[in-house]
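Undergrad:
In our numbering, the protein residues as written are 15 to 168.
(1) Alpha carbon to alpha carbon, what distance is there between residue 135 and residue 68?
(2) How many angstroms separate the CA atom of residue 141 from the CA atom of residue 105?
(3) Of all the options 152, 82, 71 and 72, which has the alpha carbon lying nearest to the alpha carbon of residue 127?
(4) Answer yes or no: do residue 90 and residue 120 have a C-beta to C-beta separation smaller than 8 angstroms?
(5) Which residues in the same chain as residue 70 place their Cβ atom closer than 6 angstroms to its Cβ, once the five residues preceding and following it in sequence are excluded?
(6) Any idea if residue 76 is buried or exposed, counting beta-carbon neighbours within 10 angstroms, 16 or more meaning buried?
(7) May I have the straight-line CA-CA distance separating residue 138 from residue 129, to the nearest angstrom?
(8) Considering only their Cβ atoms, is the gap separating residue 162 from residue 125 smaller than 8 angstroms?
(9) If we ignore side chains and look at the alpha-carbon of each, how far apart do residue 164 and residue 88 end up?
(10) Which residues bound the alpha helix (DSSP H) around residue 117?
(11) Counting only the same chain and skipping the five closest in sequence on each side, list residues whose C-beta sits under 7 angstroms from that of residue 158.
(12) Confirm, please, whether the CB-CB distance from residue 156 to residue 97 is below 8 angstroms.
(13) Helix, strand or coil for residue 103 per DSSP?
(14) Can you tell me which of 66, 160 and 60 puts its alpha carbon nearest to the alpha carbon of residue 101?
(15) Looking only at C-alpha atoms, which of 154, 143 and 60 sits nearest to residue 84?
(16) Is it buried or exposed for residue 160, if we count other Cβ within 10 angstroms and need 16 for buried?
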């Protein structure tokens, strides 16, 4: 039988050390993930809030404002919806549209006219008062966007 030297580690010693190290790493990493989860959830911003913040920063602080394609797209897709873009923010959207150039301007104008055409044909019969009001707001917004982005105003 072989005798163990003072600094020599047996296979069993190495195995125990690996198991201990592995369990410590696992508990540290799972603890870190647990600590970060509530923070991330609290810091999460809805796309709507982020888009409105982007728009307000463009309006009030253009020196520090930075273009973000995702926010721009969100605004252009949702600008007719009074629940997503409130009245005060829509006024800023109209100013923002003045800066659109080229294909973005043309596409926005075409989309506004298509939406206007679709909504003009839609009957308000059978709608609740709230639905009629929202319908009128969307029609108004489509007209404003179509006017603002028309080729003559470029």
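Every residue, glycine too, gets a C-beta built ideally from N, C-alpha and C. Keep in mind the model is a prediction, meaning the values are calculated, not measured.
TA: Walking through what the data contain:
(1) 34 angstroms
(2) Residue 141 and residue 105: Cα-Cα distance of roughly 27 angstroms.
(3) 152
(4) no
(5) none
(6) Around the CB of residue 76, fewer than 16 other CB atoms lie within 10 Å, so the residue is classed as exposed.
(7) 15 angstroms
(8) no
(9) 21 angstroms
(10) 116-135
(11) 108
(12) no
(13) helix
(14) 66
(15) 60
(16) Buried: at least 16 other Cβ atoms inside 10 Å.
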